[in-house]
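Going by this note's numbering, the first residue of the sequence shown is number 1, and it counts up by one from there.
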Amino acid sequence: MEVDYLVIGAGPAGLQAGYFLARAGRSYLVVESGEAPGTFFTRFPRHRKLISINKVHTGWDDPELRLRNDWNSLLSDEHAPLFTARTPRYFPHADEMVGYLADFAATHGIDVRYRTRLVRISRPDQFEAVDQHGNTFRAKRVIVATGVSLPNLPTFEGVELAERYDAVSTDPDDFTGQRVLIVGRGNSAFETADNLIETAAVIHVVGAGSLRLAWRTHFVGHLRAVNNNFLDTYQLKSQNAVLDGRVVAIRRDESGYYVKVAFERVDEVVKEIRYDRVILATGFRFDASLFAPECRPELTINDRFPAQTETWESTNVPDVHFAGTITQVRDFKKSTSGFIHGFRYGVRALHRILEHRHHGVGWPTADLGHEVEAAVDEVIRRVNTSSALWQQFAFLGDVLLVAPDGNLRYAEEVPVDHARVAVPRGDFGPVAAHAVITLEYGADHDAVDPFEVTAGRKSQDDVQGLDGRYLHPVVRLHRDGELVGEHHITENLENEWDSEAVHRAPLREFLRVHLAAPVPALP
């Protein structure tokens, strides 16, 4: 079988890619090793509660606006099916995701070949992928949407003695009266710890560096409040603890496991502590082994993820692109590309990039004419309603394009890094200047306790939002490849930027000044 696009994996990213390819009438096939879409969610998270928001009752009718609080639905022009129609639970059961993905694939007739596990991908000319039955699939391009499928195991002495998050029992009764050490300090580690609070005698969670809380950093991969009950038991002296350090070694004898921990707070003092169970919850990594050496993507971030360009293309293998959680290397621990509510927009942007590169289809733009007021209207409309800019803060941006004759066009949801390359290159046609519009948190926002009143915030009536730390719109004007102006719209409690005096008038003045004539670049 031969196609233009071979999509590997029928999880959320693979199905999202399949939807856009099918809608564009492209030759494609999605292959999936499991018997149905979303095989990952049949096993993970282990304790079966999703921590992606599913807010059904928002008070809004606009389907685009509702996606700001619907973190599980995939994108479609039909706005259907929606995950919010399946369950009212704010943190749903993982089985709901399995059912939803099957519904999405069936509703849109996505071409998926199930029970097809690829064992080798080579590239004699086009890509050739061979499955476990010996069937060969040929493709001009590959979109890898397999996620991170291999455990990311540490390398300390005795690591093989520990149990793994992906295999350890989830029955709390199996840990009754035991002393348990959990290695790792992400959501999987604390999810595991919370599950054992009622039965285990002692629970320690160990990891290096400072514990990062999502409510402070705004990165949803850091520890979420739904998983942090364990911290309460630690701070209220309930026999549990968070150990700030790294595991040096594990040994075992007839009385249990002895774990050497080098504590960071006390100058690497090493203490050996006895436990009945040791569990590794240290995350996962990408499996590149099915690629032959001549087309194997190079890895990055401790070899956990494939290295990628600003178009989500392998840095060393042309025409291998990535979709889904493995695209988080582009905004690692900053924005939301590692999660459905982020990468669904990334897949749409990737599709638009591929459409332009291989099929001559330009990025969709709206013609605004020559009047600055039309640009003000469009920017204000978008920052008040866009789900993509909201979810992919500082990563995706709308682009206001200024032609040499002053005509204005507007392109939505362009990766900021891609705009830096594509606009000067001419991908969007002749452009004399352009503005990138994003939603962003302010500088050092994670250095401030959001619940500390004395920290203070910008007044919502302040027309200069430069010092705002909360999410707010930012407009950056570029001319001849140089940044020549930057405007921050002040933050607002309800994220409504529609005041004439506070929001529209300062934006209008900024655009009038910077679009009128060339000005020197900012230092």
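Each residue gets a CB set at the ideal place from its N, CA and C atoms; glycine is no exception.
*Let me know the beta strand (DSSP E) ranges lying completely inside the segment 305–378, each 3 residues or longer, listed in chain order.*
320–322 and 365–369
*For the segment 381–389 against the segment 316–327, are there 3 or more C-beta pairs whose distance is under 8 Å?*
no
*Inspect the beta-carbon positions of P151 and F343 and report whether they are closer than 8 Å.*
Here residue 151 is taken as the residue at index 151 of the sequence shown, counted from 1. Here residue 343 is taken as the residue at index 343 of the sequence shown, counted from 1. Going by C-beta atoms, P151 is not nearer than 8 Å to F343.
*The beta strand (DSSP E) spanning T136 covers which residue range?*
Taking the first residue of the sequence shown as position 1, residue 136 is located at position 136. Residues T136 to V144.
*Neighbourhood of Q132 by C-beta, 7 Å cutoff - its chain only, sequence neighbours within 5 removed*: On the sequence shown, position 132 is the one that residue 132 refers to. Cβ within range, chain order: R117 and V119.
*asked:* Among H418, F322, V56 and I489, whose alpha-carbon lies nearest the alpha-carbon of V7?
replied: If you number the sequence shown from 1, residue 7 lands on position 7. Ranking H418, F322, V56 and I489 by Cα distance to V7 puts F322 first.
*So, using beta-carbon positions, are K55 and Y19 closer together than 8 Å?*
Working through the sequence shown from its first residue, we reach residue 55 at position 55. Working through the sequence shown from its first residue, we reach residue 19 at position 19. Cβ distance not < 8 Å, so K55 and Y19 don't count as in contact.
*Out of L223, N228, E163 and G209, which has the shortest C-alpha to C-alpha gap to N195?*
To locate residue 195, count along the sequence shown from 1; it is residue 195. For N195, the nearest C-alpha among the options comes from N228.
*Three-state secondary structure (DSSP) at D70?*
Translated into the one-based positions of the sequence shown, residue 70 becomes position 70. Three-state DSSP puts D70 in a strand.
*asked:* Could you tell me the alpha carbon to alpha carbon distance between P415 and S499, rounded to whole angstroms?
replied: Position 415 of the sequence shown holds residue 415. Position 499 of the sequence shown holds residue 499. Each residue's alpha carbon lies about 28 Å from the other.
_Between which residues of its own chain and H503 is the CB-CB distance below 6 Å, once the five residues before and five after are set aside?_
To locate residue 503, count along the sequence shown from 1; it is residue 503. Only I489 and W497 meet the Cβ criterion.
*What did DSSP end up calling A249 once you bin it into helix, strand or coil?*
On the sequence shown, position 249 is the one that residue 249 refers to. If DSSP states are grouped into helix, strand and coil, A249 belongs with the strands.
*Quick check: the segment 67–74 against the segment 145–159, are there 3 or more CB pairs under 8 Å?*
no
*Quick one: is Q239 buried, meaning 16 or more other Cβ sit within 10 Å of its Cβ, or exposed?*
Counted from its first residue, the sequence shown places residue 239 at position 239. Flag for Q239 reads exposed.
*Taking T84 as the reference, give the member of H108, H57 and F230 with the closest Cα.*
The residue labelled residue 84 in the question sits at position 84 within the sequence shown. Closest option to T84, Cα to Cα, is H57.
*Spell out a yes or no on whether the segment 42–51 and the segment 188–206 are touching, meaning 3 or more CB-CB pairs, one atom from each, closer than 8 Å.*
yes
*G184 vs A208 beta-carbon contact at 8 Å*: Counting from one through the sequence shown, the residue named residue 184 turns up at place 184. Counting from one through the sequence shown, the residue named residue 208 turns up at place 208. Cβ atoms of G184 and A208: not closer than 8 Å.
_Contact between the segment 392–410 and the segment 428–439 is defined here as three or more beta-carbon pairs at a separation below 8 Å; is this criterion met?_
yes
_Quick check: the Cα distance between V269 and V247, rounded to an integer number of angstroms?_
In the sequence shown, the residue the question calls residue 269 occupies position 269. In the sequence shown, the residue the question calls residue 247 occupies position 247. Computed Cα separation, rounded: 12 Å.
*Cβ atoms of A201 and G221: under 8 Å apart, would you say?*
If you number the sequence shown from 1, residue 221 lands on position 221. If you number the sequence shown from 1, residue 201 lands on position 201. Against a cut-off of 8 Å, the Cβ pair of A201 and G221 comes out as no contact.
_Check whether the segment 91–101 and the segment 26–45 are in contact - that is, three or more C-beta pairs closer than 8 Å._
yes
*So L21 packs on P37, CB below 8 Å; how close in whole Å?*
Here the question's residue 21 lines up with position 21 in the sequence shown. Here the question's residue 37 lines up with position 37 in the sequence shown. With a Cβ gap of about 16 Å, L21 and P37 do not count as contacting.
_So for N195, helix, strand or coil by DSSP?_
The count along the sequence shown starts at 1 and reaches residue 195 at position 195. Residue state, collapsed to three classes: helix.
*Which of the three DSSP states, helix, strand or coil, is assigned to G207?*
Walking along the sequence shown from the start, residue 207 turns up at place 207. It is a strand residue.
*Once you ignore the five residues that flank L507 on each side, which residues in its own chain have a CB closer than 6 Å to its CB?*
Stepping through the sequence shown from its first residue, residue 507 is reached at position 507. For L507, where only same-chain residues beyond five positions count, the Cβ hits under 6 Å are V376.
_Residues in the same chain with beta-carbon distance under 6 Å from R265, minus the five sequence neighbours each way, listed in chain order, please._
Residue mapping note: residue 265 aligns to position 265 of the sequence shown, counting from 1. So the qualifying residues of the chain are D244.
*Every unbroken beta strand (DSSP E) within the segment 389–476, with a cutoff of 3 residues, ordered by chain*: 396–402, 408–415 and 433–440
*Of the residues G134, I121 and L161, the one placed nearest R144, counting alpha carbons only*: Here residue 144 refers to the residue found at position 144 of the sequence shown. According to the sequence provided, residue 144 is Val. The question's Arg does not apply to it. If we check each option's Cα against that of V144, I121 comes out closest.
*Return the CA-CA distance between P81 and V436, expressed in angstroms with no decimal places.*
The residue labelled residue 81 in the question sits at position 81 within the sequence shown. The residue labelled residue 436 in the question sits at position 436 within the sequence shown. Roughly 32 Å separates the two Cα atoms.
*Would you mind sorting D398 into buried or exposed? The rule is 16 or more other CB atoms within 10 Å of its CB.*
Walking along the sequence shown from the start, residue 398 turns up at place 398. Under this definition D398 is a buried residue.
*If we count the other Cβ atoms within 10 Å of its Cβ and call it buried at 16 or more, is A10 buried or exposed?*
Taking the first residue of the sequence shown as position 1, residue 10 is located at position 10. Answer is buried; the Cβ neighbour count reaches 16.
_By the three-class DSSP mapping on this structure, what secondary structure does N495 have?_
Here residue 495 refers to the residue found at position 495 of the sequence shown. Coil at N495, not helix or strand.
*asked:* With a threshold of 8 Å, are at least 3 pairs of Cβ atoms found where one atom belongs to the segment 273–289 and the other to the segment 223–237?
replied: no
*Measuring CA to CA, which of R68, E313, R420 and E378 is closest to D367?*
Taking the first residue of the sequence shown as 1, we reach residue 367 at position 367. Of the listed residues, the one whose Cα sits closest to D367 is E378.
*Would the beta-carbon of R296 fall within 8 Å of that of A288?*
Within the sequence shown, the letter at position 296 stands for residue 296. Within the sequence shown, the letter at position 288 stands for residue 288. Yes, the pair counts as a contact, with Cβ atoms nearer than the cut-off.
*State buried or exposed for T136, treating a residue as buried only when at least 16 other CB atoms are found within 10 Å of its CB.*
Position 136 of the sequence shown, counted from the first residue, corresponds to residue 136. By the neighbour-count rule (16 or more Cβ atoms within 10 Å), T136 is not buried but exposed.
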